[in-house]
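Going down the list, the protein sequences come from chains W and C. If you read the first sequence in this note's numbering, its first letter stands for residue 1, the second for the next number, and so on. If you read the second sequence in this note's numbering, its first letter stands for residue 332, the second for the next number, and so on. See structure below.
Protein chains: 2
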Amino acid sequence: MNAATLDVAGIGNAIVDVIAHADEAFLAAEGFAKGAMTLIDAARADALYGRMGDGIESSGGSAGNTMAGIASLGGGGAYIGKVRDDALGAIYRHDITALGLRFDTPPATEGPGTARCLILVTADGQRTMGTYLGACVSLGPEDIDSATIAAARITYLEGYLFDPPRAKKAFRKAASLAHEAGRLVALSLSDPFCVGRHRDDFRDLVSGEVDILFANEAEICSLYETQDFEAAAVAVRGHVKIAALTRSEAGSVILADGAAHKIAAAPVARAVDTTGAGDLYAAGVLFGLTRGLPLPICGAIGSLCAAEIISHVGARPEAALDKLVASAGLV
Amino acid sequence: MNAATLDVAGIGNAIVDVIAHADEAFLAAEGFAKGAMTLIDAARADALYGRMGDGIESSGGSAGNTMAGIASLGGGGAYIGKVRDDALGAIYRHDITALGLRFDTPPATEGPGTARCLILVTADGQRTMGTYLGACVSLGPEDIDSATIAAARITYLEGYLFDPPRAKKAFRKAASLAHEAGRLVALSLSDPFCVGRHRDDFRDLVSGEVDILFANEAEICSLYETQDFEAAAVAVRGHVKIAALTRSEAGSVILADGAAHKIAAAPVARAVDTTGAGDLYAAGVLFGLTRGLPLPICGAIGSLCAAEIISHVGARPEAALDKLVASAGLV
């Protein structure tokens with residue numbers, strides 16, 4: 001096994017976020033479940049965009065957000081995801097590479113445009129998402145570069161990748177390449193309804209291929225079809241080396257080697273927009289793991305990164321996370 | 332004179348902002364004067380974008396920002412500006428119309444793409460801008476609709492409009508249409524270097540056509556080629572009905588009818604990004620004027636709107652300004 005030259009390789013749906021404020025009545029009128037991610041087609045995306053308020057645009061995508069966090073923490077890595085060769089795709093590529101991350105996946109030159117996620121943020125800071133997958137549907141196993149995966153300490157996969165049809169194969173190819181190279185595989189369950197859509201595949205993957213699992217309460221409960229968080233926690237313990245389970249304001253718990261490390265949430269003056277909170281928690285934990293830090297410290301870095309994202313609109317860090325973590329005395 | 336059906340008609344360069352953090356060394360290496368706006372061509376915009384950090388995109392443009400503020404305060408109006416029929420142009424149009432503002436200017440169907448302003452925000456919250464005018468250069472007098480101008484209590488013009496060659500004619504046409512209809516004409520000087528590029532035209536306009544003038548210290552001093560703010564204030568008094576002169580943290584002074592109203596700046600917990608501060612001050616003052624409020628109250632609304640914009644990244648309001656102003660007891 002060669003020495004790793006990258007910290008993390010992240011694979012996900014490459015999506016540009018369009019973020020606007022909305023009230024609960026608007027969510028209801030549009031038929032969205034508050035706090036969830038709903039897949040929408042191009043026509044619905046256009047119609048919804050026409051009705052939603054003025055917004056800001058920012059590169060997003062769950063694993064993309066996590067990779068941005070890792071870069072801001074001082075980590076190195078590569079992103080794999082599919083954009084179209086259009087204006088939004090150029091913005092997405094710029095934002096990833098400007099962070100010092102590698103992004104070698106060629107853009108699609110035909111077919112649907114770069115994916116968009118229309119994000120409606122309510123006054124309580126909660127976000128509700130309508131995602132048009134666009135060019136993401138063309139990501140396939142041919143986009144997984146074995147040298148990149150072999151070079152990364154951890155290969156990180158977002159669960160949302162199970163939605164576009166060919167990405168599942170890319171997902172499995174990346175996981176086995178990582179293990180062949182003696183590396184770790186991490187997975188985020190992404191969304192309870194996404195877990196519901198692909199439960200058998202996820203269980204199969206978690207029990208066979210995943211070393212590090214990220215999930216929130218609703219996601220881990222959905223995976224094991226239980227309403228009892230403790231029961232779900234017991235179930236996952238046997239399958240993965242490390243399970244980091246988040247519980248919003250109640251913080252998180254990291255399960256590993258028979259131990260359970262309770263992690264406090266970091267204080268947030270005002271929850272402006274929770275978009276990306278889970279993604280940035282994962283960034284903090286993964287960064288800590290690549291640096292060989294103890295699990296309670298990894299979790300505390302995750303909490304701090306999540307708090308930064310919640311304090312402003314948008315899912316990419318505004319503050320330099322490396323300085324934030326250093327001034328909190330965590331590294 | 333018919334009753335006005337619009338509060339403000341705003342005319343400006345329709346520009347999409349791309350906002351990223353940068354340090355002073357980067358500004359120096361790129362040859363930018365900190366705090367200023369530099370016009371750049373397409374090639375330099377592409378090269379700069381390639382070197383700058385990851386960012387967010389948001390509709391911008393000085394008068395566009397002001398109109399967004401007026402809409403958020405509960406005012407009605409129309410925006411006149413030129414985008415291209417491309418992806419960024421569609422975003423710009425969406426954001427203006429989603430605020431309830433009219434935007435009837437047809438997009439350019441050929442020529443350069445929608446304008447972009449590359450904004451570099453330093454750690455002290457100051458912004459430095461490189462503007463590629465793109466499709467804005469095709470705005471001309473044919474885009475000024477006389478019914479819209481006649482319907483608006485105030486026609487508001489941004490000084491930056493003097494940069495694209497044909498907009499000057501549009502500018503003068505709008506001013507005379509407004510006066511023919513018995514309405515007021517307001518102008519923002521926009522930028523001290525823009526004033527320097529077009530000083531004679533600006534002086535001519537201020538002494539002949541402008542009723543309400545917005546300028547910061549550097550701009551009003553540049554207009555009258557003096558380094559003495561008091562001398563510039565004396566000079567402007569004779570030319571306009573109302574002059575609102577801003578002095579950053581020192582607040583502003585509104586000169587009218589021989590009186591000088593000193594206005595305090597509103598407190599800002601942390602100056603995150605000053606982009607749009609002047610534009611939103613103008614929004615508050617103009618809104619107050621359309622409601623017939625006393626000048627010190629108009630100024631206080633302006634200060635409050637500026638403080639909201641400074642407290643976050645981006646030049647469009649994130650909070651509902653009408654509620655902010657109501658809870659401050661100003662309306």
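The beta-carbon is built from N, C-alpha and C at its ideal position, and this holds for glycine as well.
{"query": "Integer Cβ distance of C/Tyr-612 from C/Ser-642, believed to fall under 8 Å", "result": "With a Cβ gap of about 14 Å, C/Tyr-612 and C/Ser-642 do not count as contacting."}
{"query": "C-beta contact flag for W/Arg-172 and W/Arg-153 at 8 Å", "result": "no"}
{"query": "Interfacial residues, the stretch 411-429 of chain C to chain W, with Cβ spacing under 8 Å", "result": "Asp-417, Ala-418, Leu-419, Ile-422, His-425, Asp-426, Ile-427 and Ala-429"}
{"query": "Opposing strand residues paired with C/Ile-387 [DSSP bridges]", "result": "W/Ser-58 and C/Ile-350"}
{"query": "Cα-Cα separation between W/Gly-288 and C/Glu-639, rounded to whole angstroms", "result": "36 Å"}
{"query": "Environment of W/Glu-249 [buried if 16+ CB atoms lie within 10 Å]", "result": "exposed"}
{"query": "Host beta strand (DSSP E) of C/Thr-674 (start-end)", "result": "Since the displayed chain C opens at 332 and closes at 662, residue 674 of chain C lies outside it and no answer follows."}
{"query": "Cβ pair C/Thr-667, C/Gly-465 closer than 8 Å", "result": "Outside the shown range of chain C, which is 332 to 662, sits residue 667 of chain C, and nothing can be said about it."}
{"query": "Residues of its chain near W/Met-52, where Cβ-Cβ distance is below 7 Å and the 5 sequence neighbours each way are ignored", "result": "Ala-20, Ala-22, Leu-118 and Leu-120"}
{"query": "Partner residues on chain C for W/Glu-57, Cβ-Cβ distance less than 8 Å", "result": "Ile-387, Glu-388, Ser-389 and Ile-422"}
{"query": "Where W/Glu-318 meets chain C, residues with beta-carbon distance less than 7 Å", "result": "Val-644"}
{"query": "Inside the stretch 510-535 of chain C only - alpha helix (DSSP H) runs reaching at least 4 residues", "result": "523-528"}
{"query": "CB contact check: W/Met-129 to chain C, cutoff 8 Å", "result": "no"}
{"query": "Reduced DSSP category for C/Thr-428 - H, G, I as helix; E, B as strand; rest coil", "result": "helix"}
{"query": "Three-way DSSP call (helix, strand, coil) for C/Ile-401 in this model", "result": "helix"}
{"query": "Inter-stretch contact (C-beta, 8 Å, three-pair minimum) for the stretch 413-420 of chain C and the stretch 312-323 of chain W", "result": "no"}
{"query": "Simplified DSSP assignment, three categories, for C/Asp-610", "result": "helix"}
{"query": "Anticipated Cβ contact below 8 Å, C/Leu-404 with C/Ala-614, distance rounded", "result": "7 Å"}
{"query": "Identity of the residue in C/Gly-362, C/Leu-358, C/Met-368 and C/Leu-652 nearest C/Asp-494 by Cα", "result": "C/Met-368"}
{"query": "Interface flag, W/Tyr-49 vs chain C, CB-CB below 8 Å", "result": "yes"}
{"query": "Segment contact, 8 Å Cβ cut-off, at least three pairs: the stretch 422-431 of chain C with the stretch 362-377 of chain C", "result": "no"}
{"query": "Which of helix, strand or coil DSSP assigns to W/Ile-149", "result": "helix"}
{"query": "Pair within 8 Å by beta-carbon distance, W/Arg-116 and W/Thr-274", "result": "no"}
{"query": "DSSP beta-bridge partners of W/Lys-262", "result": "W/Val-253"}
{"query": "Rounded Cβ spacing between W/Gly-76 and W/Asp-7 (contact assumed at less than 8 Å)", "result": "5 Å"}
{"query": "For C/Arg-447, the first and last residue of its enclosing alpha helix (DSSP H)", "result": "Unbroken run through C/Arg-447 is the beta strand (DSSP E), 446-452; no alpha helix (DSSP H)."}
{"query": "Distance between beta carbons of W/Asp-46 and C/Leu-430, contact taken as under 8 Å", "result": "19 Å between Cβ atoms; not a contact."}
{"query": "W/Ile-212 versus C/Glu-355: straight-line alpha-carbon distance, rounded", "result": "40 Å"}
{"query": "Cross-chain neighbours of C/Met-368 in chain W, by beta carbon under 9 Å", "result": "Within chain W, no residue comes near C/Met-368; the closest Cβ sits about 21 Å away, beyond 9 Å."}
{"query": "Spatially closest choice to W/Val-285 from W/Asn-13, W/Ile-242 and W/Asp-228, by CA coordinates", "result": "W/Ile-242"}
{"query": "Classification of W/Glu-142 by the beta-carbon crowding that lies within 10 angstroms, buried from 16 upward", "result": "exposed"}
{"query": "Buried or exposed by the 16-neighbour rule on C-beta atoms within 10 Å, applied to W/Thr-5", "result": "exposed"}
{"query": "CB of W/Val-240 within 8 Å of CB of W/Val-268, strictly", "result": "no"}
{"query": "Contact under 8 Å by Cβ, C/Gly-456 with C/Gly-343", "result": "no"}
{"query": "Residue(s) in a DSSP beta bridge with W/Leu-88", "result": "Per DSSP, none; premise fails for W/Leu-88."}
{"query": "Beta bridge counterpart(s) of W/Thr-128 as assigned by DSSP", "result": "W/Leu-120"}
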